[in-house]
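So the structure is just underneath, and the comments pick up after that.
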Amino acid sequence: MAKGFFTDTTVCIGCKACEVACKQWNQLPDDGLIFTGMSYDNTVELSATTWRHVEFIERPVALSGQETGLGQFSWLLMSDVCKHCQRAGCLEACPTGAIVRTEFDSVYVQPDICNGCGYCVVGCPFGVIDRNEEDGRAWKCTLCYDRLQDGMEPACAKACPTDSIVFGELDDLKQQAHDRVETLHERGMTEAYLYGVDEASQPGTEGLNAFFLLVDEPEVYNLPPDPVVPTKKVGRAWSSMAAACLALAAGAVASVVAGRSR
Amino acid sequence: MSSGSEPGYYNRPVLKEPVWIWAVPAYFVVGGAAGAAAALGAAAEIADRESFGGLIKTCRRIAATGLVVGSALLIYDLGRPGRFFNMLRVFRPTSPLNVGSWLLAAATPCAALSAVSEGSIGQLAGLSAGALGLPITGYTAVLLANTAVPVWQEMGAALPASFVASAAVSAASLLEMTELSEEEAIAVRVFAVTSKCCESIAATVVERRARAVPEVGRALDSPRAKGLLSLARISVGVAAVMSLVSGKSRAGRRAAGLLGTIGAAAHKFGVFYAGEASARDPQATFAQRS
């Protein structure tokens, strides 16, 4: 059965329990104690050793349907993660077959196969997967493949105190997400929408198994507005390569013929 | 949307930068040169084996050296070099890197065999290396176009033509720097002038394609890319004229070869570093056309 995450950013409180639970369960090293000045975000980005990343967006815009003492201000908090795309750029780029689709429809990197070629890193339109320079291999969220095999939910979803991260069967999640958007719209938060819920809303990836409920443009969350798996666009490059190679062959033959005829 | 002039999240990149080091663009150069040399050698083999004996031998040597060195560069770049053979674990046509690995695995032994043997074995190996060398000159461009990096994606269908032409320039320029008989010199000159002119045009088209979206095209103006691409444009242009007018001057031919070698390499390194700059620029990702 296809499993995934529905991350509802409107109930995220920015506690970073997901980040901590992920690091602990997957035994990921810390990334150093740094102070970025980017609001409360000292995690910075998803990386080979960070598979959940909570973003802190301070907006000089109020959320519609909400009244606060802050006036024209609102927090947007979002726990970012690998999207486990239906058409996954990393998987289609992987030359070794290290990256596979599992029985849970998630995208998983087999660490015993990966040879660290780095092609998946540039294949991901979301900038998720990265190479760990210490062990030379590519890493990203596994959707807690080991926990799933034992019938448990991923560590981040388990730790999330507000159910901003919901784990479950994809069909149920989609239903729940559509219901949530409807509820928010009824309450006046008309900007709420789903990012990557299905192929219709995101044809470039044919939908994400880890999708999001957002209340502003994707760019505000540092998400690409229109991500496309690279292989969808590359057909013409293959054809033009074939034509250029034929031209090279013709040019080579013509050159030697020109030399001989003297 | 935040009040700042440009959208985004603290101006953080959306994409990850390529993790590849200099060895990868260096492979694009030597692998391309080897592929084109193998193709030219095979063409000479078919046309007239007797009069082009020396040229064929030189082509075979360039092909063998380039493919062996190129494979070594690629293995050196891996995070786990000891696992390079995992590249041949599967056949995955969606991955130009996988397709290229198979091509390289087939072409390298053929080229090496052709360089060390003569007679019909050498001939068969040389012809096989030539046929396999053709796609090796161009698949690296498809490999770059098949990424999420905005400037490489935008170059798209124009990039393979420039990489194939650049590979031909590399091979022709190396040959211009070797000893050639009169007939061979003419053949090499025709090949050199043609490929240098094609490369000049293809590089211009690539740049124009990349600049169709201003936020994407500005990666070409990043310091390293700009310098290298300008160097490439000037070197290849001047080298084309020099190849044309050098006549029987051996020094002129060598200078044309040296400039062509530099120009062809600078083009591929320039395209590579433009990609790094483009991946760092979130506005390029946001503006990218789907």
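Chains Z and F supply the protein sequences, listed in that same order. Per numbering that gives the first Met the number 0, the first sequence starts with residue 0, numbered consecutively. Per numbering that gives the first Met the number 0, the second sequence starts with residue 0, numbered consecutively. Don't be surprised by glycine CBs; every beta carbon is placed ideally from N, CA and C. Quick caveat, the model's predicted, so the values are computed rather than measured.
Residue burial classification, residue i (beta-carbon count within 10 angstroms, cutoff 16)
{"i": "R288 (chain F)", "result": "exposed"}
{"i": "K247 (chain F)", "result": "exposed"}
{"i": "M86 (chain F)", "result": "buried"}
{"i": "F125 (chain Z)", "result": "buried"}
{"i": "G125 (chain F)", "result": "buried"}
{"i": "G259 (chain F)", "result": "buried"}
{"i": "P213 (chain F)", "result": "exposed"}
{"i": "I98 (chain Z)", "result": "buried"}
{"i": "N217 (chain F)", "result": "Inspection of the sequence shows that residue 217 (chain F) is occupied by Arg rather than by Asn. R217 (chain F) should be labelled buried."}
{"i": "S215 (chain Z)", "result": "First, the amino acid is wrong: residue 215 (chain Z) is Asp here, not Ser. Label assigned to D215 (chain Z): buried."}
{"i": "W21 (chain F)", "result": "exposed"}
{"i": "V115 (chain F)", "result": "exposed"}
{"i": "D76 (chain F)", "result": "buried"}
{"i": "T107 (chain F)", "result": "buried"}
{"i": "I61 (chain F)", "result": "buried"}
{"i": "I200 (chain F)", "result": "exposed"}
{"i": "F55 (chain Z)", "result": "buried"}
Through-space distance from residue j to residue i, alpha-carbon basis
{"i": "C159 (chain Z)", "j": "I128 (chain Z)", "result": "23 Å"}
{"i": "Q282 (chain F)", "j": "A46 (chain F)", "result": "52 Å"}
{"i": "A278 (chain F)", "j": "E153 (chain F)", "result": "13 Å"}
{"i": "V228 (chain Z)", "j": "T204 (chain Z)", "result": "6 Å"}
{"i": "S1 (chain F)", "j": "A92 (chain Z)", "result": "Its pLDDT being 42, under 50, S1 (chain F) is placed unreliably by the model, and the measurement read from it follows with that caveat. The alpha-carbon atoms of S1 (chain F) and A92 (chain Z) are separated by roughly 35 Å."}
{"i": "A37 (chain F)", "j": "E198 (chain F)", "result": "19 Å"}
{"i": "G36 (chain Z)", "j": "V43 (chain Z)", "result": "10 Å"}
{"i": "S254 (chain Z)", "j": "C116 (chain Z)", "result": "38 Å"}
{"i": "S221 (chain F)", "j": "R207 (chain F)", "result": "16 Å"}
{"i": "F173 (chain Z)", "j": "F5 (chain Z)", "result": "For the sequence presented, residue 173 (chain Z) should be read as Lys rather than Phe. Their Cα atoms are separated by approximately 8 Å."}
{"i": "L174 (chain F)", "j": "V120 (chain Z)", "result": "37 Å"}
{"i": "N10 (chain F)", "j": "L212 (chain Z)", "result": "22 Å"}
{"i": "R59 (chain F)", "j": "G78 (chain F)", "result": "31 Å"}
{"i": "H184 (chain Z)", "j": "G274 (chain F)", "result": "41 Å"}
{"i": "G234 (chain Z)", "j": "A110 (chain F)", "result": "29 Å"}
{"i": "A265 (chain F)", "j": "F166 (chain Z)", "result": "50 Å"}
{"i": "L133 (chain F)", "j": "A35 (chain F)", "result": "6 Å"}
{"i": "A231 (chain F)", "j": "Q175 (chain Z)", "result": "56 Å"}
{"i": "R259 (chain Z)", "j": "V68 (chain F)", "result": "32 Å"}
{"i": "L32 (chain Z)", "j": "T161 (chain Z)", "result": "26 Å"}
{"i": "S242 (chain F)", "j": "I233 (chain F)", "result": "14 Å"}
Proximity below 9 Å, CB of residue i to CB of residue j
{"i": "K15 (chain Z)", "j": "V53 (chain Z)", "result": "yes"}
{"i": "M188 (chain Z)", "j": "S78 (chain Z)", "result": "no"}
{"i": "A263 (chain F)", "j": "A32 (chain F)", "result": "yes"}
{"i": "A144 (chain F)", "j": "A160 (chain F)", "result": "no"}
{"i": "W101 (chain F)", "j": "F90 (chain F)", "result": "yes"}
{"i": "C123 (chain Z)", "j": "A147 (chain F)", "result": "yes"}
{"i": "D40 (chain Z)", "j": "R179 (chain Z)", "result": "no"}
{"i": "L142 (chain F)", "j": "P95 (chain F)", "result": "yes"}
{"i": "D104 (chain Z)", "j": "A1 (chain Z)", "result": "yes"}
{"i": "G13 (chain Z)", "j": "W74 (chain Z)", "result": "yes"}
Nearest neighbour of residue i, chosen from the options [CA to CA]
{"i": "S38 (chain Z)", "options": "Z:Q26, Z:C21, Z:E57", "result": "Z:E57"}
{"i": "G137 (chain F)", "options": "Z:I12, Z:A248, Z:A253", "result": "Z:A248"}
{"i": "S119 (chain F)", "options": "F:E44, F:T203, F:V168, F:A22", "result": "F:E44"}
{"i": "S70 (chain F)", "options": "F:R88, F:F27, F:L230, F:R60", "result": "F:F27"}
{"i": "L207 (chain Z)", "options": "Z:N131, Z:E185, Z:K22, Z:L222", "result": "Z:L222"}
{"i": "S165 (chain F)", "options": "Z:E152, Z:C244, Z:I33", "result": "Z:C244"}
{"i": "A224 (chain F)", "options": "F:T193, F:I135, F:R252, F:F268", "result": "F:F268"}
{"i": "R130 (chain Z)", "options": "Z:T48, Z:D29, Z:G258", "result": "Z:T48"}
{"i": "R186 (chain Z)", "options": "Z:Q85, Z:M0, Z:T9", "result": "Z:T9"}
{"i": "G65 (chain F)", "options": "F:P12, F:R48, F:V18, F:A128", "result": "F:A128"}
{"i": "S238 (chain Z)", "options": "F:L158, F:W151, F:R48, F:E49", "result": "F:L158"}
{"i": "G81 (chain F)", "options": "Z:P28, Z:C89, Z:R136", "result": "Z:R136"}
{"i": "L39 (chain F)", "options": "F:S4, F:A171, F:R210", "result": "F:A171"}
{"i": "L227 (chain F)", "options": "F:C196, F:M241, F:I261", "result": "F:I261"}
Chain-order list of residues whose beta-carbon lies under 7 Å from that of residue i (same chain, five-residue window excluded)
{"i": "P149 (chain F)", "result": "V215, S277, A283, T284, Q287"}
{"i": "V98 (chain F)", "result": "P92, Y138"}
{"i": "S180 (chain F)", "result": "G53"}
{"i": "V237 (chain F)", "result": "L258"}
{"i": "C143 (chain Z)", "result": "W24, P153, A154"}
Own chain, CB closer than 6 Å to residue i, minus 5 neighbours either side, in chain order
{"i": "G7 (chain F)", "result": "P281"}
{"i": "A209 (chain Z)", "result": "G3, F4, V80, K82, H83"}
{"i": "L72 (chain F)", "result": "A22, A25, Y26"}
Close beta carbons around residue i, own chain, < 8 Å, minus the five adjacent residues each side
{"i": "E190 (chain Z)", "result": "L62, S63, V214, D215"}
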